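These notes concern the structure reproduced below.
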Amino acid sequence: MDSAVSAVRVARKPDRPLSYFEFWPGWMFYTPVVIHWLLLGLRYGDFSLPTAANPRITTGGLCGESKLSILAQVAPAMQSVIAPACGVVAMPGGIEVAEPAMKARGLTYPVVAKPDIGCNGTGVRLIHDKAALARYLDTYPQGETIVLQQYVSEPNEAGIFYMRHPDEPHGRITSLTIKQPPIVVGDGRSDLRHLILADERAGRVPHLYLDRLKDRLSSVPAQGEKIRLVFVGNHCKGSIFQDGRTLVTPELTATIEKLARSLPDFFFGRIDVRFASFTSLRNGTGLRVIEINGAGSEATHIWDPSTKLLDAWRTQFFHYGAAFRIGAANRRLGFASSGVRAMFRAWMNQRRLMALYPLND
């Protein structure tokens, strides 16, 4: 299959704007996944065993891990593919510390600000200038670390799931998701609220957009003007996810394998990248890594509207089953899991912080 055909297939309009389970309450979708996790915990004698899947990362990257610490583990030879970032602790007058830290890392506006501990795109914002950064710092929980990362201008984003059993010589890509922002197009007459409500997809989940865009809802976009409804590439925040597994090639797999091997004892997780074109993605060239996630990652192609519920559950069972198997192999090699109590404390701390973060873009 050539790259043009692959790109067209990925960029197709789905058969339906939403799958019927896509925005179910979390408990409804994840209950079978939790039951499967508990059964695996009984089988392996450790409910926290996936935290040993990536033993050099806090809780294996299941929850409560530092994004900066993971990126810092990437070997120097591969640091050039990582979008540069720095950490800043929120404090009164923090802008006077933040800008020198940015300068020291060679960062210039715009930058992406996001929590060092967090998930699901909570608190992620695109910062264009000093005033916007100062406002973000003022609304961020004091004493907590913020990641400031150079904005990557490549137009496309993908989530690439990688796994490798410790006994295997090579890993593989098990999921690839193309992330697209929801966009409405102005007609010169309708305000933004009406454009959102009239949209085939956004109009079915308006709660994802209306509150965040409340200051702009009465504005009337010009004829043909494209309005991006959300910046963060996260499904639960409203981004559109499409199954991109047809784009996986030996060349892309080799690039991701090289990156994954540059982290010590990294076996399981999702690597989020930005890229210029489908051709460059398939060739595994010109990728810019914006985040590396561990055992708490999802194979996010399940949120493609065309995915069937049973297929989504099977995918979850397969990946979390693999996390247990990899954790068990690492346990045999002498690595320990975090234990249920430590895992639970990390999860509770992450939940506490996420409730305090600013609203995402």
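Sequence positions in the sequence shown follow the working numbering and run 16 to 376.
Each residue gets a CB set at the ideal place from its N, CA and C atoms; glycine is no exception.
Remember, predicted model here, so these are calculated numbers, not experimental data.
Three-state class that DSSP yields for residue i in the structure shown
i, result
"alanine 26", "At alanine 26 the pLDDT is 49, less than 50, meaning the model places this residue with poor confidence and gives no usable figure here."
"lysine 241", "strand"
"leucine 296", "helix"
"isoleucine 198", "strand"
"aspartate 258", "strand"
"isoleucine 72", "coil"
"arginine 303", "strand"
"glutamine 365", "helix"
"asparagine 345", "helix"
"arginine 140", "strand"
"threonine 123", "coil"
"proline 265", "helix"
"phenylalanine 62", "coil"
"leucine 278", "coil"
"aspartate 376", "coil"
"leucine 228", "coil"
"alanine 35", "One point to set straight first is that residue 35 is tyrosine, not alanine, in the sequence displayed. Coil."
"phenylalanine 359", "helix"
"methionine 106", "coil"
"leucine 57", "helix"
"alanine 87", "helix"
"alanine 116", "helix"
"alanine 351", "coil"
"phenylalanine 246", "coil"
"valine 49", "helix"
"glutamate 111", "helix"
"tyrosine 155", "coil"
"histidine 334", "helix"
"cysteine 251", "helix"
"aspartate 326", "helix"
"serine 233", "coil"
"glycine 218", "helix"
"leucine 223", "helix"
"arginine 150", "helix"
Assigned exposure category for residue i - 16 Cβ within 10 Å defines buried
i, result
"lysine 241", "exposed"
"threonine 5", "A query on residue 5 cannot be resolved here, the shown segment of the chain reaching from 16 to 376 and no further."
"lysine 229", "exposed"
"valine 126", "buried"
"alanine 146", "exposed"
"tyrosine 155", "buried"
"tyrosine 35", "exposed"
"valine 20", "Residue confidence is low: valine 20 scores 44 on pLDDT, short of 50, so the model does not pin down where it sits. No coordinate-derived value is stated."
"asparagine 249", "buried"
"valine 263", "buried"
"methionine 117", "buried"
"glutamine 365", "buried"
"methionine 363", "exposed"
"proline 70", "buried"
"isoleucine 50", "exposed"
"threonine 270", "buried"
"glutamate 37", "buried"
"tryptophan 52", "buried"
"alanine 370", "exposed"
"arginine 377", "The structure shown does not extend to residue 377, since the chain is modelled only from 16 through 376, so no value can be given for it."
"valine 199", "buried"
"arginine 297", "buried"
"alanine 275", "buried"
"aspartate 416", "Shown here, the chain extends from 16 to 376; a query on residue 416 therefore has no answer."
"serine 95", "exposed"
"histidine 143", "exposed"
"proline 279", "exposed"
"glycine 311", "buried"
Beta-bridge partners of residue i, as assigned by DSSP
i, result
"serine 190", "Phe176"
"asparagine 308", "Arg285"
"proline 130", "Ile161"
"cysteine 101", "Leu163"
"phenylalanine 290", "Asn171"
Whole-Å CB distance - residue i paired with residue j, under 8 Å assumed
i, j, result
"phenylalanine 256", "threonine 192", "5 Å"
"glycine 136", "asparagine 308", "With a Cβ gap of about 12 Å, glycine 136 and asparagine 308 do not count as contacting."
"leucine 11", "isoleucine 97", "Look at the range of the chain in this structure, 16 to 376, and you will see that residue 11 is not part of it."
"glycine 253", "valine 220", "7 Å"
"isoleucine 317", "proline 181", "In fact, because the Cβ distance is near 26 Å, the residues do not count as touching under 8 Å."
"proline 196", "leucine 244", "7 Å"
"glycine 138", "proline 320", "Contact doesn't hold; Cβ gap of about 27 Å is too wide."
Checklist entry - So does the region 174-181 actually touch the region 285-296, counting three or more Cβ pairs closer than 8 Å? => result When C-beta atoms of the region 174-181 are compared with those of the region 285-296, three or more pairs fall below 8 Å, so the two segments count as touching.
Next on the checklist: Across the region 87-96 and the region 104-113, are there enough close Cβ pairs to call them in contact, namely three or more that are closer than 8 Å?
Outcome noted: They do not touch, by the three-pair rule.
Checklist entry - On the three-pair Cβ rule with 8 Å, is the region 336-356 touching the region 61-71? => result Below 8 Å, enough C-beta pairs join the region 336-356 and the region 61-71 to call them touching: three or more.
Item to check | At least 3 beta-carbon pairs within less than 8 Å: the region 293-306 vs the region 160-169 | outcome: Judged by Cβ distances under 8 Å, the region 293-306 makes contact with the region 160-169, as three or more pairs qualify.
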